[in-house]
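Here's the structure we're looking at; comments come further down.
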Amino acid sequence: MTAEASPTLPRALPTAKARRERVIERSRVLRFISETEHQAIGLRFVVTALVFFAMAGALALLMRLQLARPGLHVVGPDLYNQAFTMHGSTMMFLFAVPVMQGMGVYLVPLMIGAKSLAFPRLSAFAYWTYLFGGIFLWLSFFMNTGPDVGWFSYPPLAGPEYAAGKRADVWAQLITFTELSALAIAVNLIATIFKQRSPGMSLDRMPVFVWASLVTAFMVVFAMPAVMVASTMLALDRLVGTHFFNPAEGGDPLLWQHVFWFFGHPEVYIIFLPALGFVSEIVTTFTRRPLFGYTPVVLANVATAILAFGLWVHHMFATGIPQLGASFFTAASIVIAVPTGVQFFCWIATIWGSGPRYAAPFLYVLAFLATFIIGGLTGVMQASVPIDTQVHDTFFVVAHFHYTLIGGAVFPLLGALHYWFPKVTGRLSDERLGWISCALVFAGFHLTFFPQHILGLHGMTRRIYTYAATTGWGTLNLVSTIGAFLIGAGLLVVLINLARSYRSGMAAGNDPWQGPSLEWHYASPPPRMEERDVAIVAARYPLWTAPVGKVVGLEPREELITNVIDAEPSHKEKNPGPSLSPFFLALATSGTIIACIFTPWGLVWGAVVIALVLTLWYWPRRSEVDEHHLSEEQP
Amino acid sequence: MSDPGAISALEPAGTQAEQIRRLFDGYLGVSILVFILVMGALVVGLRRERREDEPPHEESPPDVMKRKARVVGSATAVTVVTLVVLLVMSVVTGRALASLTPRDALAIEITGHRWWWDVKYPDAISSNAVRTAYEIHVPLGRPVELRLVSHDVIHSFWVPSLGPKRDLIPGKPSTLVLRADRPGTFDGLCAEYCGLQHANMRLRVVVEPEREFQAWLTQMRAPAREPQTEREEHGRSVFLAGRCVACHAIVGTTAFAAVGPDLTHVGSRSAIAMGTLPNDVRSIRSWIEDPQHAKAGVIMPEGGISDGDLDDLALYLSSLR
Amino acid sequence: MTEHVLPGTDIVVSDDGPTIDVTDLPRHGFGRKSALFWGVLVFIMIETTALAIMFGSYLYVRGNFNEWPPSERLQVTPGILTTVMMLGSCVPMQLSLKPCHEMALRPTRRLLVVGVALGFAACGLRAWEIASIPFAWTDNAYASVLWTTYGMHTIELGASVLETLVMAAVLYRGPLEEKHFEDVEVTALFWWFANLVWLPFAALFYVDGALR
């Protein structure tokens with residue numbers, strides 16, 4: 000195992016490890032489950048999330064069909080209640096957060112010029128856990144054990160006395176799967192962004208999307224544990240007889256609401272902030288201008304993330320809480336509009352007089368601007384306690400959160416998919432289909448959700464499977480249903496566009512949009528870690544300013560670690576390469592979680608298996624240890 | 000089915016609903032203005048052409064940058080001021096709503112069940128207390144103090160035309176004061192998802208002048224109307240002999256269970272099954288025969304009563320005005 | 000090929016563009032320099048948040064009772080002994096950091112073994128502490144919060160002891176790389192967390208609950 004003379008050829012791997020890797024290489028299945036490269040994991044997250052998006056969307060169409068006219072019997076109450084629970088839970092836990100994290104996993108290393116994530120095997124584990132959780136939820140649904148308690152599962156309805164069977168337990172454990180996955184990715188992104196940026200990329204030179212991912216990851220760290228604790232409390236109440244939410248023994252249904260919404264409000268900003276990051280990137284590229292107000296925009300992201308933790312009680316304004324306390328949360332819920340407003344103003348200032356290029360990504364950004372602002376304004380309305388006590392739990396709220404989630408997250412996501420499609424696939428998508436899909440989705444969206452504001456004000460409450468003809472709600476509901484199908488059509492066009500272009504679109508090259516950031520420096524699709532160089536940057540918009548340098552002296556599987564603030568080179572770390580351990584750990588974890596639905600002993604036996612798998616994962620093998628990495632002393 | 004009641008927050012008939020409507024109008028006006036200004040700026044910005052002294056990939060010249068900074072700064076300041084104004088408006092309205100004192104208020108106790116409203120008008124003299132379901136009568140212009148609690152899961156009391164909603168939480172009683180300022184019939188619903196038949200947990204509020212209200216109260220205080228015909232008499236004996244008495248009370252008979260809605264004056268209500276079915280003999284009959292048909296999942300079991308007996312039972316209940 | 004170094008940096012600019020040669024950089028980093036350190040730090044933030052929620056839930060539930068605690072009072076002795084043993088076990092772990100940073104194998108792993116032994120003793124005492132809780136989690140909401148917190152923390156404690164055991168075993172069996180000393184450092188970091196985070200709960204359960 001002598002070192003080769005040339006610094007660019009890969010060092011010969013110790014033979015036993017090389018042998019094992021060649022075995023893995025030859026089997027497609029083993030290669031698939033041992034993958035740890037960030038592009039592959041990121042792509043898997045995004046594609047899986049989009050599949051769940053389609054499934055939840057199908058449930059939405061089913062619900063809209065049921066509500067299109069009064070007194071229909073398309074589905075009965077039981078299936079309808081499962082449908083809205085599955086729709087909400089899938090959208091929030093299996094689509095919105097994973098897709099944003101997946102985009103981060105794919106893009107962040109490229110944008111900071113790193114070769115990989117800080118903990119590649121952990122990211123693979125996160126993906127498998129997420130996938131198994133999603134499959135578990137939907138299999139339960141198809142077996143008629145789908146949760147029917149709403150996506151935020153309030154006890155006592157979800158508690159042991161009123162939720163029969165295992166449906167609510169399925170929901171509680173879905174949380175465990177998805178939050179484990181989200182936390183693992185958050186840890187990864189923070190460590191990667193802090194420690195693996197290219198030399199020269201000081202914090203104030205990071206792309207805004209990277210800032211957004213960093214801030215979002217911290218929100219995940221402080222919010223997700225709350226829902227983990229809440230779902231554990233619910234599972235314990237149901238499984239072993241604790242009394243967290245039982246008022247007869249000093250427990251409290253409102254304890255659930257506090258703990259859940261402490262997570263639940265930051266959750267929507269966890270979904271929203273990365274989308275704002277997309278918008279900043281797209282606006283920069285398509286106006287061919289540096290973003291106006293980089294520092295205020297970054298600070299606005301940070302401020303939004305911090306404020307997001309101070310709003311949660313606004314979900315509880317109808318529970319009879321004291322007025323003084325409620326006013327604090329009104330103030331906080333109103334103030335959070337300011338940093339978002341700042342970002343809006345900076346984007347418009349960037350766009351002003353730039354003569355932008357109206358390609359699909361930019362169109363979706365315009366759709367976002369016109370739509371999200373309405374959601375933000377109805378949000379300010381609901382921040383007011385008196386107004387909220389009328390519109391809470393009505394279709395007004397449903398309209399509001401779809402305006403903010405679809406307008407504020409899905410539109411930027413669609414723009415981002417079209418924007419980075421050439422980078423991921425090496426091909427351009429069809430511009431005309433891009434325009435058509437954007438128009439359809441935009442028109443369909445407003446047709447679906449604008450009438451729902453009016454329906455809510457006219458008394459239509461949420462989560463009802465039917466309504467009387469005498470309410471007069473029939474016409475607007477019909478309009479809303481038509482709009483929903485229009486959205487479906489638009490999304491279908493997106494799918495057709497991207498699928499066809501993937502197969503036969505025009506070749507894109509490295510940088511079809513003339514973007515400023517490092518991901519456009521690499522080939523399309525980006526090369527694997529062994530063939531990628533760590534970059535050196537000297538400016539905030541490296542591709543627009545100066546030639547991008549490269550780091551030499553790294554082995555193909557070595558990653559460069561740099562300092563947190565100024566990104567000076569610090570030391571090197573070895574990337575472990577492909578590994579089967581994450582997949583098996585995810586299997587062990589999934590088995591444990593599912594067993595916990597049926598018996599608390601599942602945790603005990605599962606812990607034993609997990610400990611074994613982790614130990615095997617960690618234990619160093621002689622074949623993997625590179626000769627000159629050995630420490631001076633040996634046992 | 001009798002005519003539907005008004006059910007809109009935009010058509011207030013009560014003090015709170017009126018104040019909230021005015022606040023909402025203020026917010027709406029501001030929102031429309033903000034939308035026009037911001038979107039207007041965007042549209043104008045899109046139409047402006049790039050200056051010649053600005054090559055691509057570089058930021059605007061310093062004079063433009065300074066001007067933009069000033070505009071963005073001013074816009075942010077205006078945003079802050081506007082939001083503060085909105086906040087103050089909200090707090091002021093909140094105070095006004097809370098100032099509606101329950102002095103000489105009529106007390107009504109409402110207990111939420113899956114999927115019906117148990118309504119009690121308490122009285123110092125226990126024989127004057129009234130227990131009913133679905134249809135609540137309140138006097139015009141007098142504050143009504145609703146004491147709300149749930150028997151099982153979380154529900155929410157909401158009559159949009161009259162005022163705000165309030166959750167009914169087990170173990171946590173809550174008080175909501177409303178005042179109706181216009182006579183009429185107003186519909187409400189449960190506004191917190193509470194299970195299978197959440198959609199069909201409706202209620203009706205009838206607002207009438209004090210005199211008519213007192214008349215209604217007197218009628219409600221009376222024990223159940225005695226059967227006037229042989230068939231009604233037979234219907235009552237069917238009621239008392241069957242499972243109905245396990246859950247339902249009729250004051251003036253031996254039935255006093257409080258598990259289900261009180262039926263003493265069920266014939267006087269504008270609808271049955273919490274507003275799902277009209278109040279006529281045929282609907283009562285089919286409801287008792289198979290409640291699951293109208294409200295799948297409802298806790299009331301099938302009647303298990305023969306056809307002839309069912310006819311008479313329905314006749315009897317319908318007579319309980 | 001003409002080359003020059005940019006003043007004040009390590010960047011060499013040549014006809015191929017700017018480059019930095021990192022061949023001579025070390026293959027490990029301690030403390031804030033290490034990516035693993037940051038990863039474990041963030042993990043500690045996550046666990047702390049979860050436990051903080053339990054702390055808050057205890058205080059929230061307390062508001063629902065007139066008499067506190069609503070169950071039989073905890074026995075103080077097992078609690079004190081366990082907490083003291085936990086803190087004591089941190090000493091050898093902290094001492095192991097100096098030889099660890101010098102990459103001196105034998106003193107490092109000896110101290111780790113001492114730490115693991117004390118950790119097992121702490122776990123044994125914790126088992127006694129839990130067995131002495133005079134009520135079940137099904138009694139009332141206070142009992143539920145207390146038992147669940149004990150459960151969560153005991154898992155942290157047990158995990159840190161087992162993790163350190165594996166770490167020590169690796170140091171004895173090998174094969175070793177420089178990065179294993181980074182791993183020892185984060186093992187000690189997590190050990191500190193698992194033991195220190197209990198202090199506010201000990202105060203809450205024993206001072207507020209048992210001694211008032």
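Chains as they are written, first to last, in numbering that gives the first Met the number 0: chain A, 0 to 634; chain B, 0 to 320; chain C, 0 to 211. Backbone N, C-alpha and C fix where the C-beta goes; we use that ideal spot for every residue, glycine too.
- If you check each beta-carbon in the region 316 to 342 of chain A against every beta-carbon of chain B, the ones closer than 8 Å belong to A317, T318, G319, Q322, A325, S326, T329, A330, I333, V334, A336, V337, G340 and V341.
- Taking the CA atoms as reference points, T474(A) sits about 29 Å from W116(B).
- At a cut-off of 7 Å between beta carbons, D207(C) makes no contact with chain A.
- The straight-line gap separating the alpha-carbon atoms of A103(C) and N300(A) is approximately 45 Å.
- A residue is called buried once 16 or more other Cβ atoms fall within 10 Å of its Cβ, and N143(A), having fewer, is exposed.
- Assigned with DSSP and collapsed to three states, V533(A) falls in coil, not helix or strand.
- With its beta carbon less than 7 Å from one in chain C, L254(A) belongs to the interface.
- For W37(C), the C-beta contacts it makes with chain A under 7 Å involve I189, A190, F193 and K194, in order along the chain.
- Chain C places a beta carbon closer than 7 Å to that of F221(A), counting this residue as a contact.
- For R203(B), there are no neighbours in chain A by C-beta distance under 9 Å, as the nearest C-beta there is about 12 Å away.
- Y57(C) and N63(C) have their alpha carbons spaced roughly 10 Å apart.
- According to the DSSP assignment, K67(B) belongs to the alpha helix (DSSP H) that extends over P61 to A97.
- The C-beta of K32(C) comes closer than 7 Å to at least one C-beta of chain A.
- Taken in chain order, the whole beta strand (DSSP E) runs of length 3 or more contained in the region 180 to 239 of chain B are 183 to 189 and 201 to 207.
- Linking A97(B) to A179(B) through their CA atoms gives a straight-line distance of about 15 Å.
- According to the DSSP assignment, T377(A) belongs to the alpha helix (DSSP H) that extends over A359 to A382.
- Chain A has a Cβ within less than 7 Å of the Cβ of L9(B).
- L553(A) reaches chain C at V21, counting residues in chain order whose Cβ is nearer than 7 Å.
- Between the C-alpha atoms of V603(A) and L61(A) there is a straight-line separation of about 41 Å.
- In terms of Cα proximity to T460(A), the closest of M219(B), Q218(B), V158(B) and M273(B) is V158(B).
- Contact check for L73(C) and Y205(C): beta-carbon distance about 6 Å, within the 8 Å limit, so the pair qualifies.
- Within chain B, no residue has its CB atom less than 9 Å from the CB of Y418(A), the nearest being about 17 Å off.
- For T215(A), the CB contacts under 6 Å within the same chain, skipping 5 residues up- and downstream, are I269, L272 and P273 in chain order.
- Burial of I347(A) is indicated by the presence of at least 16 other C-beta atoms within 10 angstroms of its C-beta.
- At a cut-off of 7 Å, the C-beta of R462(A) has a neighbouring C-beta in chain B.
- Interface flag for T92(B) against chain A is set, since a Cβ pair is found closer than 7 Å.
- Against chain A, a Cβ distance below 9 Å from M38(B) picks out L368, A369 and I372.
- Nearest C-alpha to P541(A) among L485(A), G41(A), Y521(A) and T318(A): Y521(A).
- In this structure, the beta-carbon distance from S326(A) to V90(B) falls below 7 Å.
- If you ignore the 5 residues before and after E162(C), its C-beta comes within less than 8 Å of the C-beta of T186 and F189, all in its own chain and listed in chain order.
- In this structure K67(B) is buried. Its beta-carbon is surrounded by 16 or more other beta-carbon atoms within 10 angstroms.
- With three or more CB-CB distances shorter than 8 Å, the region 131 to 138 of chain B counts as touching the region 201 to 215 of chain B.
- Going by DSSP, G39(B) is part of the alpha helix (DSSP H) stretching over T14 to R46.
- Using a Cβ-Cβ cut-off of 7 Å, D147(A) does not count as an interface residue toward chain C, since no Cβ of chain C sits closer than that to its own.
- For G455(A), the closest alpha carbon among the candidates G471(A), A442(A) and F441(A) is that of G471(A).
- From the listed residues V22(A), G56(A), G75(A) and F44(A), the smallest Cα separation to H292(B) is found for G75(A).
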